[in-house]
Structures are given as C-alpha cells and as structure tokens.
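J.:
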Amino acid sequence: MSTVQVPGESISPEEYHNGVGWMDCFRRRSQKALLELNLAAENKGKHGAGTAAVGGKGPGDVPSSLIRGRQRVRKAPELPPTDIKVVMRPKNNLDLNKTSQATLFDSICTTAGIPRETAAEDTLRINTLRNVLVVSTPSIARAKMYDSITQITIGTSVHGISAYIAPPEGTAKGVIHNVPDTDDEETITRSLVNSRNPTILQARRLGTTHSVIIAFDHGEVPYFVYYRGTEYKCYLHKKRHEICERCGQYGHRVDVCPKPCGYVPEQCFTCGTRNPGPGHPCEPRCAICGQGHKTGDRECKQKYRTPYLVQRRRWDRELSHRRRSQERATTSRSILRTGCRDRSQSYPRLPPVQSSARQSRSRERRHQTTGSSQETAPHSQALQHTGASPAHPGRSPSRNRRPPTSGKSQDRAGKIPSRRETSREGDVRRRSPTPRFQKVAGTSYLDTSSTTATSPQVSWAETVSPSNIRQHTLDKQQTEIAEMKQMIELLMEENAKLRQQIASFTKTNQTSETEIMDISTEQTHKRDEQGDIPTNTSPAGATQEIDSDTDTSPTKRRRGSRTRSLIDERAQILQTKLDQSVDSKLEQLETKLDGQIKTDFADVKTMIKELTDYISKQFEKYEHRLSELETNQRLSASSSGGGPLKRKPYIRPAAESTRNIHNENATTAITHTN
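Read in order, the letters of the sequence shown are residues 3 to 676 in this note's numbering.
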C-alpha cells in the first residue's frame with residue numbers, strides 16, 4: 003500500500019476526538035483531492051490535457067422563487083464556499099436581535115484569543131430566525147479556536163455558547179439504523195470510511211441511539227453502504243421542524259430561545275389559541291399538520307422537513323414540464339397561423355454543407371456577372387473573346403452557365419447587393435463552403451475568425467499552474483535586479499568621475515606649487531646678480547679692488563640669506579593657502595558624494611524592501627491557497643475492490659464557479675507539493 007504525505011500540522015488523539023464536529027470531512031476531502039490530482043498528473047501524459055468546459059446556468063440552476071412564481075426575496079450574499087463554517091448557539095436568554103454584531107464579534111475574537119487584524123478575513127453572520135451565529139473562516143487553526151469557545155462576555159454579563167463545525171458545502175447526509183451499541187466512534191469510522199465506501203467522509207452516532215449519520219462527498223447518497231462487510235440500507239437525512247415550546251415561535255429550539263423562563267406566550271402551545279385564559283378548553287392541535295395531536299409528536303407525519311435534494315428534483319421536474327408545455331403552445335399557434343406544419347416536423351432538411359455552398363456559389367456568380375460596375379464589363383467581354391480564364395482563386399476555367407438576363411430579371415440583378423452579400427466597404431462577402439464548426443489543427447472548433455494565427459494548444463492547468471506564476475515572479479525579480487545593477491553601475495561611474503576631478507585638482511595644485519618655486523628661484527638669482535655688481539666706479543689699483551672685494555663679501559651673503567628667508571616664508575604662506583583651499587574643496591566633494599551615496603543607497607534599500615515584501619506576499623498567497631486546498635477539495639470514487647453501489651438519483655449540484663475554484667486550487671496545491 004502506497005503512503006502519501008500531506009502537508010499539515012500534527013494533532014494528538016485527544017484533539018482528534020474532542021468535539022471537532024465535522025472537521026474530519028475537511029481533512030479527508032483535502033487528502034482525497036491530493037490523491038486524485040496525483041493520479042490526474044500521472045495520466046496527463048497518456049491522455050493529454052482536456053479542455054475545461056465553460057459552465058453555464060442550466061434548467062436546474064433556476065431559483066425556486068422564479069419557479070413557484072413568488073417575488074424574489076433579497077437575501078444576504080453567499081458566504082465563501084471554500085470556508086469553514088462554525089455554528090454557535092447562545093445560551094442564558096441572549097437575544098441576538100438586540101445585540102450589536104460588532105460587539106458580538108469582538109467578544110468572540112477576544113475569547114478565542116484571535117487578533118482583530120487577523121480576524122478581519124473572517125465573516126460573522128447572525129440568523130435572527132434561529133437565533134444562532136455563523137462564523138465563516140478560511141483557516142483551520144482559527145476554526146478550531148472558534149470551536150473551543152464555551153462562553154462570551156458582553157458588557158458585564160457572561161453568556162454560554164455551544165459551538166460546532168458544520169459539514170462542508172457540496173456534501174449530503176445519510177442515516178443508517180441498527181448499529182450495535184458496543185461500537186464506539188473510532189470503530190464506526192473504521193467500519194465505514196474505507197475503500198468500499200469511497201464517498202464517505204465522516205460518520206457519527208446520533209446521541210445514544212442505534213442510528214449513525216454519514217457525510218457523503220459530491221452530494222450523492224447511495225442506497226446501500228458497507229459496514230464491516232454487511233450491507234446497510236441508507237436513508238436521506240431529514241431535519242425536523244423546530245418550534246419553541248416556550249415562546250411558540252417557529253425556527254428555533256428551547257435551548258436558544260431569547261425569552262426568559264417565566265415568559266407567557268401569546269398563544270397556547272398545545273391548542274394554538276391566542277391570548278388564552280387560565281381555564282380555556284385545551285385540545286391538542288399540531289401547528290405543523292393541523293391534526294389532533296401535540297406539535298412535533300411522533301405521530302406527526304410532517305414533522306420532518308423535505309430534504310433539499312428532493313426539493314431540487316421536484317423543481318427541475320416542474321421547470322421541465324413548464325418548458326415542454328410552452329413549446330407545445332408555441333408549436334400549436336404556429337400551425338394555426340400558417341395552416342401547415344413546419345418542414346422540420348415532416349421530413350429532415352438537406353445537409354447544411356451543400357445548401358450553404360450552393361447559395362454561396364450562386365451569389366458569387368450573380369455578383370460577378372450583374373452586380374459589378376460597368377468598368378468590369380469590357381474585361382469580362384475580353385476574357386470571353388480570348389477564351390482566357392479569369393484570375394480568381396479556386397475557380398476553374400468554365401463557361402458562363404447563367405443565361406443572358408433581360409427585362410425584370412436584369413433590373414433585379416443590377417440592383418445594389420443585399421446586406422448579407424456586401425460588406426460595409428462595398429466588397430463582396432463570400433460565404434465559406436465549409437461548415438461553421440470545423441476542426442483545424444492548432445485552432446478552436448468554433449471558426450470565429452480566419453485571421454487568427456495557429457498557436458500550440460495550452461492546457462488550462464498549465465496556464466493557471468503556480469509554476470508559471472512563479473516563473474513570472476522570478477522574471478519580474480530578475481528585471482528589478484537588473485535595474486538595481488544598472489543603478490549601481492551609474493553610481494560607480496559617478497564615483498569614478500569624481501575621483502578624476504579630485505586627481506585633476508591635485509595636479510593643478512602641484513603645478514601651481516612648482517610655478518611658485520620657479521618664480522621664487524628666478525627672483526633670488528636676479529637679486530644675486532644685482533648684488534655682485536660693484537658700487538664704486540672710480541679707477542683704482544689692484545690693491546684697492548682686492549680690499550673692496552674683501553670688504554663687501556659679508557654684506558652680499560647677508561642680502562642673499564634675507565631674500566631666501568623671505569621667499570621661504572612666502573612659499574609657506576602660499577602652501578598653507580593652497581592646502582586650505584584643497585581641503586575645503588575635498589570636504590565639499592566628500593559631502594556631495596556622501597549625500598548622493600546615501601540617497602542612492604536609501605533608494606536601493608527601499609527597492610529591496612519592496613521586493614522582499616512582494617516575495618513574502620506571494621508566499622503567503624501560495625500558503626493561503628494550499629490551506630484552502632487542504633480544506634475544500636473533492637475526490638471522485640477511484641478505488642477498486644468494492645461492489646457496485648446503487649445511488650439515488652438525488653444530486654445536489656454545486657455552483658459551477660465553486661467547481662472551477664476547486665479545480666484551480668487543486669492544481670495550485672499539487673504544483674506546490676511537487
């Protein structure tokens with residue numbers, strides 16, 4: 003036996019059997035759906051991907067209000083069919099009509115320990131007729147938390163709550179009797195939920211009776227089920243008409259009645275007399291059937307409500323009967339008006355292919371010979387004289403089969419072509435000799451346009467599969483990463499330009515320093531040359547010149563040292579000024595660079611954050627779809643070994659949109675698990 007692992011959370015046996023209601027139906031349906039999708043994926047390569055049928059409203063989808071001729075009642079919007087519904091029955095005389103819905107939901111969320119932001123995805127609905135609450139949630143974890151509520155606090159008063167999980171939509175209930183008392187819940191489940199009963203989702207005992215209620219998938223209840231190898235006859239589960247014995251109103255029971263215990267009803271519950279006195283004659287009279295017994299007694303034959311499957315079958319039968327009667331009436335009126343029957347009733351028509359081709363050929367010839375303008379007449383005469391064939395695609399050279407027209411026929415032929423023969427531009431619209439429905443490789447069966455290019459067939463599953471969605475997200479992420487890389491490259495280019503500017507500034511500073519040094523050295527040389535010239539020009543002997551040289555040499559050295567010291571001081575001053583200017587310019591450039599880099603990095607960080615948020619949202623979306631699949635999938639009976647099951651003709655059809663959503667979620671989940 004093969005083992006299939008299903009993603010989910012592990013629970014203890016106590017949680018499995020401790021008041022989970024019909025939660026097992028959701029678990030088993032998701033497991034069977036995954037198995038069914040695995041089999042479909044294996045057989046996909048063998049049989050090919052089928053095209054999904056487009057759903058529409060059939061005769062069974064007409065509302066009951068239109069069938070019975072009543073005025074349509076404005077109902078509340080339907081709850082999501084894939085959600086889990088938790089029903090809560092209040093106690094301690096809590097009247098839901100006099101309590102705010104928001105206050106109720108806040109109290110429920112506080113008691114269950116669910117944050118208000120998380121609970122915003124759930125929906126609370128109040129059934130004022132039955133005085134019950136219904137919470138719809140897509141999460142199994144939150145459904146368990148709602149199911150564990152036993153009391154709520156509204157204001158200063160505490161009210162008891164009995165909560166249970168309702169069975170999923172698209173299921174039907176059946177009942178079997180004479181089940182042994184010694185069988186516990188685990189034995190009953192093991193005896194019924196097996197390969198011989200593939201559509202059973204869950205089974206529970208009705209209180210302490212010998213009867214067991216069974217939940218079937220696909221809305222079908224078989225005639226017989228197998229209980230440990232024995233055949234048990236299965237009956238449709240019928241709900242009772244609920245009439246409160248305290249207030250006498252229809253729709254709820256005594257345990258959820260909002261009236262207090264000492265409430266005096268307006269009419270007697272036994273006989274139905276309004277405003278009865280203390281000693282009025284009280285004879286039993288049933289409020290359901292009107293017979294002489296107590297309301298809801300065992301003798302009452304109408305205490306059970308008609309199952310929905312039976313009502314649906316009756317509505318379909320009534321609708322089909324009305325349609326047939328309308329068709330007969332229209333047919334009889336047409337016969338009386340025309341005096342003869344329609345040709346389709348006496349003998350079948352000719353094949354549509356031949357008639358359409360014949361009409362198209364006759365219209366084309368008529369238009370070519372008489373419907374064209376006078377400019378084409380010389381051309382046709384030349385073709386007849388020369389014996390050449392006309393340049394028409396698909397037309398062989400043949401004689402003109404149409405006899406020459408004259409008189410009225412020629413006038414009729416020369417008229418403007420009809421709307422069907424001509425298009426808006428005046429060109430002839432030829433009808434194709436092939437039938438409208440034709441199978442062409444790479445195109446659809448309905449030939450709507452001849453200009454559509456042939457494209458390979460793509461299955462619906464491949465179109466909506468998460469792999470394609472994931473590939474799309476990956477492509478988008480790659481494009482964003484490429485944009486980020488381009489931005490980083492631009493930043494690097496700007497940094498390189500700034501570095502080049504800094505290098506050019508340093509070069510200019512160095513050149514200015516060298517120029518200053520050259521100027522200072524030139525000035526010193528000039529001054530030295532001026533200092534070497536003798537001051538006395540009068541002639542003298544050699545001894546006098548030698549003495550003058552020896553006298554003036556110390557003064558020349560002092561002058562040269564002074565000029566050099568001045569030049570050094572000026573050079574130092576200029577150097578400090580240049581250093582300060584360079585430092586200020588470098589600081590300005592650094593501030594500009596820091597600002598640009600900070601802004602660019604902030605943009606990059608925001609883009610990365612947006613990208614991570616988008617990826618996390620996508621993963622949350624996939625997880626949400628997977629959880630929906632775990633709760634709301636169906637599996638057709640695909641196991642061998644069981645005997646033939648006799649099924650009742652009662653079918654509870656689910657909405658086509660619900661089925662399409664189930665198929666989409668199932669395809670998404672199997673791609674996720676793979």
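In this text, a Cβ means the ideal position worked out from N, Cα and C, and glycines have one as well.
Measure the C-alpha to C-alpha separation of I110 and K100 and round it to an integer number of angstroms.
T.: Within the sequence shown, numbered from 1, the residue matching residue 110 stands at position 108. Within the sequence shown, numbered from 1, the residue matching residue 100 stands at position 98. Cα to Cα, I110 sits roughly 17 Å from K100.
J.: Determine the direct distance from the alpha carbon of A331 to that of K77, and round the result to whole angstroms.
T.: The count along the sequence shown starts at 1 and reaches residue 77 at position 75. The count along the sequence shown starts at 1 and reaches residue 331 at position 329. The C-alpha of K77 lies about 35 Å from the C-alpha of A331.
J.: Step through the CB atoms of chain B and report whether any lies within less than 8 Å of the CB of T120.
T.: Considering every chain present, this structure includes no chain B. It has just one protein chain.
J.: On the DSSP letters alone, give me the boundaries of the alpha helix (DSSP H) that L194 sits inside.
T.: What you label residue 194 is simply residue 192 of the sequence shown in a count that begins at 1. Looking at the DSSP string, the run of the alpha helix (DSSP H) that includes L194 is 187 to 194.
J.: Take L98 as the anchor and find which of T152, P117, I178, I163 has the nearest alpha-carbon.
T.: Position 96 of the sequence shown, counting from 1, holds the residue named residue 98. When only C-alpha atoms are compared, the closest one is I163.
J.: Excluding the five sequence neighbours on either side, which residues of its own chain have a C-beta within less than 6 Å of the C-beta of M90, listed in chain order?
T.: As a position in the sequence shown, residue 90 is number 88, starting the count at 1. Correct list, in chain order: L135, I163, A165.
J.: Using only the alpha-carbon positions, how far apart do Q304 and A289 sit?
T.: Locating residue 304 in the sequence shown gives position 302, where the first residue counts as 1. Locating residue 289 in the sequence shown gives position 287, where the first residue counts as 1. Taking the straight line from one Cα to the other gives about 10 Å.
J.: In angstroms with no decimal places, state the Cα-to-Cα distance between S586 and L595.
T.: The count along the sequence shown starts at 1 and reaches residue 586 at position 584. The count along the sequence shown starts at 1 and reaches residue 595 at position 593. The alpha-carbon of S586 is positioned some 14 Å away from that of L595.
J.: By a C-beta neighbour count over all protein chains shown, 10 Å radius and 16 as the cutoff for buried, is F218 buried or exposed?
T.: For the purposes of this step, residue 218 is identified with residue 216 of the sequence shown, where counting begins at 1. Answer is buried; the Cβ neighbour count reaches 16.
J.: Just checking, does the segment 260 to 269 make contact with the segment 233 to 250 on the three C-beta pairs under 8 Å criterion?
T.: Yes, since at least three Cβ pairs between the segment 260 to 269 and the segment 233 to 250 fall closer than 8 Å, the two stretches touch.
J.: Comparing alpha-carbon positions, which option in K296, N133, L126 lies nearest Y148?
T.: Start at 1 with the first residue of the sequence shown, and residue 148 comes out as number 146. Residue L126 is the option with its Cα nearest to Y148.
J.: Mapping DSSP to helix, strand and coil, what is Y225?
T.: Position 223 of the sequence shown holds residue 225. Y225 falls in the coil class under three-state DSSP.
J.: Are S32 and T633 closer than 8 Å when you measure CB to CB?
T.: Locating residue 32 in the sequence shown gives position 30, where the first residue counts as 1. Locating residue 633 in the sequence shown gives position 631, where the first residue counts as 1. Result yes, Cβ atoms of S32 and T633 sit closer than 8 Å.
J.: According to the neighbour-count rule (16 or more other Cβ atoms, all chains shown, within 10 Å of its Cβ), is N497 buried or exposed?
T.: Residue 497 sits at position 495 when you count from the first residue of the sequence shown. Label assigned to N497: exposed.
J.: The alpha helix (DSSP H) that contains K146, what's its start and end?
T.: For the purposes of this step, residue 146 is taken as residue 144 along the sequence shown, with counting starting at 1. Taken as a continuous stretch (DSSP letters only), the alpha helix (DSSP H) holding K146 covers 142 to 149.
J.: Buried or exposed, going by whether 16 or more other CB atoms sit within 10 Å of the CB of T84?
T.: The count along the sequence shown starts at 1 and reaches residue 84 at position 82. By the 10 Å Cβ count, T84 comes out buried.
J.: Please report how far the alpha carbon of A35 lies from the alpha carbon of G115, in whole angstroms.
T.: Within the sequence shown, residue 35 is the residue found at index 33, counting from 1. Within the sequence shown, residue 115 is the residue found at index 113, counting from 1. Between A35 and G115, the alpha-carbon positions lie close to 32 Å from each other.
J.: Take Q153 as the anchor and find which of N199, E491, C27, N94 has the nearest alpha-carbon.
T.: Residue mapping note: residue 153 aligns to position 151 of the sequence shown, counting from 1. Ranking N199, E491, C27, N94 by Cα distance to Q153 puts N94 first.
J.: Helix, strand or coil: how does DSSP classify G274 here?
T.: Along the sequence shown, read from residue 1 onward, the residue named residue 274 stands at position 272. Coil.
J.: Taking the C-alpha atoms as reference points, what is the distance between S150 and M489?
T.: Locating residue 150 in the sequence shown gives position 148, counting from the first residue. Locating residue 489 in the sequence shown gives position 487, counting from the first residue. Going from the Cα of S150 to the Cα of M489 covers about 54 Å.
J.: What would DSSP say about R300, mapped onto helix, strand or coil?
T.: Residue numbering aside, residue 300 sits at position 298 when the sequence shown is read from its first letter. R300: coil per DSSP, three-state reduction.
J.: So is Q480 buried or exposed if we call it buried at 16+ other beta carbons inside 10 Å?
T.: As a first step, residue 480 must be located in the sequence shown, where it is residue number 478. Exposed, by the Cβ-count rule.
J.: Whose CA, out of T139, N277, I569, E123, lies closest to the CA of V88?
T.: Counted from its first residue, the sequence shown places residue 88 at position 86. The candidate whose alpha carbon is nearest that of V88 is T139.
J.: Select from R324, H254, Q293, Y237 the residue whose C-alpha is nearest the C-alpha of T308.
T.: Stepping through the sequence shown from its first residue, residue 308 is reached at position 306. Closest by alpha carbon: Y237.
J.: Applying the 10 Å Cβ sphere with the 16-neighbour rule, what's the burial state of S141?
T.: For this step, residue 141 is matched to residue 139 along the sequence shown. Buried, because 16 or more other Cβ atoms sit within 10 Å of the Cβ of S141.
J.: For K241, I'd like the list of residues in its chain whose CB is within less than 6 Å of its CB, leaving aside the five on either flank, ordered along the chain.
T.: Sequence index remark: in the sequence shown, residue 241 carries index 239 (1-based). Only R307 meet the Cβ criterion.
J.: Per the contact definition of three or more C-beta pairs closer than 8 Å, is the segment 272 to 287 in contact with the segment 215 to 232?
T.: no
J.: Measure the C-alpha to C-alpha separation of L588 and D615 and round it to an integer number of angstroms.
T.: Within the sequence shown, numbered from 1, the residue matching residue 588 stands at position 586. Within the sequence shown, numbered from 1, the residue matching residue 615 stands at position 613. For L588 and D615, the distance between alpha carbons rounds to 40 Å.
J.: Buried or exposed: T130, going by 16 or more other Cβ atoms within 10 Å of its Cβ?
T.: Here residue 130 refers to the residue found at position 128 when the sequence shown is read from its first residue. Label assigned to T130: exposed.
J.: Once DSSP output is grouped into helix, strand and coil, what is the label at L81?
T.: Walking along the sequence shown from the start, residue 81 turns up at place 79. L81 falls in the coil class under three-state DSSP.
J.: Pull the bridge partners of Q204 from the DSSP assignment, please.
T.: Counting from 1 along the sequence shown, the entry for residue 204 is found at position 202. Q204 is bridged to A217.
J.: Using the DSSP secondary-structure output, state which residues sit across from V134 in a beta bridge.
T.: On the sequence shown, position 132 is the one that residue 134 refers to. DSSP, once it has assigned bridges, lists N129 as partnering V134.
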